[in-house]
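Enquirer: Before we start, here is the structure in question, set down as structure tokens.
Number of protein chains: 2
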Amino acid sequence: MNKWVRVNTCEGTVHVERCSDQELRWGGRNLIAKLLLREVPPTCDPIGRYNKLILSEGLLGDTILATAGRLSIGGKSPLTGGAKESSVGGEAGRKMARLGIKAIIFEDAPADLTPRVLFISKKECRLLEMPELARLAVSETFSRLQERFGDEAGLMCIGPAGEMRLSAAAVAVQGEDGAQVRLAGRGGLGAVLGAKGIKAIVFDDQEAKPAEVYDAKKMREVSRAFSRILLEDPKTENRHKFGTPAVLSLCNELGILPTRNFSSGRFERADDISGETIANLIETRGGEARRGLPCIRGCVIRCANVFADARGRKSVASIQYENIALLGANLNIGEIDEVAELNHLCNEAGIDAIEAGAAIGVAMEAGVLAFGDAEGAKDLLRQVSQGTPLGRIIGSGVTITGKVFGARRVPAVKGQAIPAYDPRALKGIGVTYVTSPMGADHTAGNALETAGAVDPLGTQGQVEVSRRLQLRAAVLDSLGLCLFVRPAFVKDPSLFGRMLHARYGWDLTFEDVQRIGLDVLETEREFNSRAGVSEDFFDVPEFMREEPLPPRNSVYDIPMKEMQGIWNVKPPKGVF
Amino acid sequence: MNKWVRVNTCEGTVHVERCSDQELRWGGRNLIAKLLLREVPPTCDPIGRYNKLILSEGLLGDTILATAGRLSIGGKSPLTGGAKESSVGGEAGRKMARLGIKAIIFEDAPADLTPRVLFISKKECRLLEMPELARLAVSETFSRLQERFGDEAGLMCIGPAGEMRLSAAAVAVQGEDGAQVRLAGRGGLGAVLGAKGIKAIVFDDQEAKPAEVYDAKKMREVSRAFSRILLEDPKTENRHKFGTPAVLSLCNELGILPTRNFSSGRFERADDISGETIANLIETRGGEARRGLPCIRGCVIRCANVFADARGRKSVASIQYENIALLGANLNIGEIDEVAELNHLCNEAGIDAIEAGAAIGVAMEAGVLAFGDAEGAKDLLRQVSQGTPLGRIIGSGVTITGKVFGARRVPAVKGQAIPAYDPRALKGIGVTYVTSPMGADHTAGNALETAGAVDPLGTQGQVEVSRRLQLRAAVLDSLGLCLFVRPAFVKDPSLFGRMLHARYGWDLTFEDVQRIGLDVLETEREFNSRAGVSEDFFDVPEFMREEPLPPRNSVYDIPMKEMQGIWNVKPPKGVF
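In order, the protein sequences belong to chains A and B.
With the working numbering applied, the first sequence corresponds to residues -9 to 566, in that order.
With the working numbering applied, the second sequence corresponds to residues -9 to 566, in that order.
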């Protein structure tokens, strides 16, 4: 994995480069941060020619480790205006790694935005015009690509939202089984790819061989140890059974489940959309319904699912907690089939369901449609794909929706929608929303796991919690592993060094690995600071500091000064 | 003029305060900058409860000087996110000054936005509920207010756009004759007033006496000298005859007239919308058509007009250069009657015609309607008032319109539309757009007047030009005088000190007056820097650095570094 592919989308040229020794040590989120700072003017137009859209495999992406092969997608975000990395599962990343490609960098922008596809196999690397894909939904795009490139190809694409360069547009990756669609949702990176005129990327790894690792025996050993810890962890079992929706009941109990545009943290009909209900329906409905699926081949956690309607026909795959929260409780919609349909419509348009759900919530509060109006919400999402003015507003995300409707209760930090954890009753994650270079992003340091150890309603220790979680997320996103492997590293922090040694022969202490995370955060912060979106200028939305959140009736009250001190917090020794 | 009125719009209370000796020395733009920095959290939500909407009279607002009485309106801008001051003519400011009120500060925000009116007379100062004004157009609002408060009342209000808190919303002030509508257009301050639930402000100065000045005799002398210089200046004559549209032919000749979304600097049908054509039509059509009108009683420049249709019925008053450029050439509309109607629709909705014209230009390029489609443009502006999704997009200004339509050619700096002077062929004004705390605002330092002395296409000396003009604009906006009085101060810089001495007894050198301007700019910059919108993060739009502008075929090429050095440029001695 020492090759880079540079695609000049204006000239239509593709160049394969060998990366330098220094660059070889970058991967995933780390590589994206480094390239952004080195090559992208921080104040550039996110959908202009100076931004770059970067795909990058994590350092362990081409190994046999469970969850390895997640793909980092990055660029300057149309939502936050800062550095963005969005990690996604599915098969494309693994195939890209198998092809020995560490990164693909899309540069410049063409005048003509006729859809093009980047096709990469062992033998070639080229851009194809496929005008027939214009404005096609994600599922239809994947079908057409499969017809042309075969079932074994690794596929990723944007939907109509990305082609329209809407700020909430995501990048979709096909899952392991062909049924699942995984979205690199946060940050609007689909719009950046759309602005480069790239509709899809296809990886054909048929003739590619697995990467040669430094010490294959050790790799097998560490891989076994890693999987064993994961399989022994009760959280894994829970995720396997119920998927990410497993946490919905907990979030409802904690009072952090966004309900009716973040006006409550508890939803009366939470039971109807919970992980248990979903698992139960999957079992009873049968047909195409499935659970406990991997999103990447070889994953031992297998939290993905296929949700099906009453007749057993797939309605969406996978259905996940954040999407259920934002498209369900947040819209006062308690029918899981409606939620699934809304989620599917987001996937088809190729937009982040979190951003879309938050935007529709604001539109509901503004009186555009009523809370609970599932048909109206579906109509809005169809309008996103159609590109009507209202659809484009929603597709531009919650901040622009709020602006256009003159809303004062807009759940966003740094231009990005707050995900499914209200920071008023889980204060540690509020610190992450405000201080993370990623903005309001639950994957950047989610304090939910600490809710048992640190009082989620208290202000004590939250900054330290966020610091630690942000650091760990930055490391995992740079290795190309799923955030759900955390338990293994908590139990045995030496795994990091052993994995990297087996793969590259590097001798890294745990502190060296921590330094990778520090380096990521510092590099992203430097980019953001030059872009004018440093953490000095953002707080949680004003209403969250004033309006108590039922049922805990707490407000967000961690002082800005304290949050801004987060970068002076020293990482703990020996553990994340 | 030593009284301040503080209106707590949440509690519905009105308090009259006496200002301190230090505060007495603040006026207009200066006062707004000081209050923003002292009282408004720089990162607050522009339409939230922590922003303040400030009206302030300039230091010379209550004098007999020509043009005195212009009103500064300010707050944190929904468009730029920074400090904003917009100066406006009309009668309200003069009456406010006559009532001895230096400033009105609207604070906090009510939950219920039922329209309220602030009524101020010599005897009382109170908030009235007038729900019948909800969503009324500006002209209808003025009619209703006139019915209730009489013909002599000084009136200002917002239109439906302000009530909807759309980011391009303006504040309208009735002109001297009741026919004219003057808009404090730039920066979206109408949305800030709308967010406070204030629909209108009424000044009844019937029992108020003129302010006692320090030396009435000297004031009469300096006033006469001032008016004489103005009347002798050929620019005054030109403005009197042709109004601000006088410069359209010059701008077309220079190649800086925004045409078809800033894709050309020259418009083939410029003659049809020029100042000469307008003056001629006003003469030949007769009826309600008039020219050479003052916008404030006592003005000797009198650049205002009433434009009438072919049957002599008023279509818009006043019609001005920037609006003609943005709603005419920029939309490829060469029929002056259509342009007048578009301008009227902007006034009725209560939105900045510059922002609206730029937004429609972007929508035209995005294919929403065709360039030159006057009926379509009118329909869009009607939709602004109606609050349809598309209307709200346009009413949110050019930056949001660009975002929603995924546009890459968006003529804006710091979130605000570039006015009617393309910086590619008038580079000095580009420096102002980028470095002024006001963003892309022609009133903050317009280099057009230097086009004869400094090559507008060259890069040499442009930073110094902008520095000088920004400083002078800041002083004039703090005195409450019109920018068009510049010639008098260029000819006799001692006038400033003499005026302030006659009014207050202060002994100020010319350098002291310059320091007022410096203080304004420094205070605004400090606010902006804390708000995250310092000049470090903004440049002209990328396309303006790359796409040569016909017919001069120049690009904007003043380096960022050079522009950022503007604050190190020392103001010249003795002259502006």
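All C-beta atoms, glycine included, are put in the ideal place defined by N, C-alpha and C.
1. Is there a Cβ of chain A sitting closer than 7 Å to that of residue 527(B), yes or no?
2. Quick one: using the 10 Å Cβ neighbour count with 16 as the cut-off for buried, is residue 570(B) buried or exposed?
3. Spatial neighbours of residue 185(B) within its chain, please: C-beta separation below 6 Å, excluding the five flanking residues on both sides.
4. Is residue 382(B) close to chain A? Criterion is C-beta to C-beta, closer than 7 Å.
5. Which whole-angstrom value is the C-beta distance of residue 361(A) and residue 322(A), which I expect to be below 8 Å?
6. Using a Cβ distance threshold of 8 Å, determine whether the region 271 to 280 of chain A contacts the region 292 to 307 of chain A, with at least three qualifying pairs required.
7. Which residues in chain A have a C-beta closer than 7 Å to the C-beta of residue 386(B)? List them in chain order.
8. Is the beta carbon of residue 203(A) closer than 7 Å to that of residue 115(A)?
9. Quick check: what's the CA-CA separation for residue 442(B) versus residue 105(B)?
10. Tell me whether residue 560(B) is buried or exposed, calling it buried when 16 or more other Cβ atoms sit within 10 Å of its Cβ.
11. Do residue 248(B) and residue 412(B) have their beta-carbon atoms positioned less than 7 Å apart in this structure?
12. Spell out whether any CB of chain A is found under 7 Å from the CB atom of residue 522(B).
13. What in chain B is Cβ-close to residue 157(A), meaning under 8 Å?
14. Determine, using beta carbons only, whether residue 154(B) comes closer than 7 Å to chain A.
15. Does the separation of the CB atoms of residue 430(A) and residue 416(A) fall below 7 Å?
16. Take residue 211(B) as the anchor and find which of 123(B), 53(B), 525(B) has the nearest alpha-carbon.
17. Contact between the region 153 to 167 of chain B and the region 328 to 347 of chain B is defined here as three or more beta-carbon pairs at a separation below 8 Å; is this criterion met?
18. With DSSP as the reference, label residue 447(A) as helix, strand or coil.
19. Taking 7 Å as the threshold (beta carbon to beta carbon), is residue 125(A) in contact with chain B?
20. Expressed to the nearest angstrom, what Euclidean distance is found between the alpha-carbon atoms of residue 177(A) and residue 73(A)?
21. Please report how far the alpha carbon of residue 19(A) lies from the alpha carbon of residue 469(A), in whole angstroms.
22. In the structure shown, what three-state DSSP assignment does residue 278(A) receive?
23. Along the alpha helix (DSSP H) that carries residue 385(A), what are the first and last residues, could you check?
24. So, for residue 314(B): in the same chain, excluding its five sequence neighbours on each side, which residues have a beta-carbon less than 7 Å away from its beta-carbon?
25. Mapping the DSSP letters down to three states, classify residue 361(B) as helix, strand or coil.
26. Could you round the C-beta distance between residue 157(A) and residue 347(A) to whole angstroms and report it? I think they count as a contact, below 8 Å.
27. Distance check for residue 547(A) and residue 409(B), CA to CA, integer angstroms please.
28. For residue 268(B) and residue 309(B), which I take to be in contact (beta-carbon distance under 8 Å), what is that distance rounded to the nearest angstrom?
29. Counting only beta-carbon separations shorter than 7 Å, does residue 398(B) have a partner in chain A?
30. Is the separation between the beta-carbon of residue 455(B) and that of residue 529(B) shorter than 7 Å?
31. Can you give me, in chain order, the residues of the region 399 to 412 of chain A that have a beta carbon less than 7 Å from any beta carbon in chain B?
32. Rounded to the nearest angstrom, what separates residue 274(B) and residue 293(B) at their Cα positions?
33. Taking only beta carbons into account, state which residues of the region 532 to 555 of chain B come closer than 7 Å to chain A, listed in chain order.
34. So with Cβ pairs under 7 Å, would you call residue 379(A) a contact of chain B?
35. Counting only beta-carbon atoms, is residue 35(A) nearer than 7 Å to chain B?
36. Please state whether DSSP places residue 519(B) in a helix, a strand or coil.
Expert: So, to answer that:
1. yes
2. Beyond the ends of chain B as shown, which are -9 and 566, falls residue 570(B); an answer cannot be given.
3. 37, 99, 155
4. yes
5. 4 Å
6. yes
7. 393, 394
8. no
9. 49 Å
10. exposed
11. yes
12. yes
13. 393
14. yes
15. no
16. 53(B)
17. yes
18. coil
19. no
20. 9 Å
21. 8 Å
22. coil
23. 379 to 385
24. 235, 238, 263, 329
25. coil
26. Rounded, the Cβ-Cβ distance is 15 Å, inconsistent with contact.
27. 42 Å
28. 7 Å
29. yes
30. no
31. none
32. 19 Å
33. 532
34. yes
35. yes
36. helix
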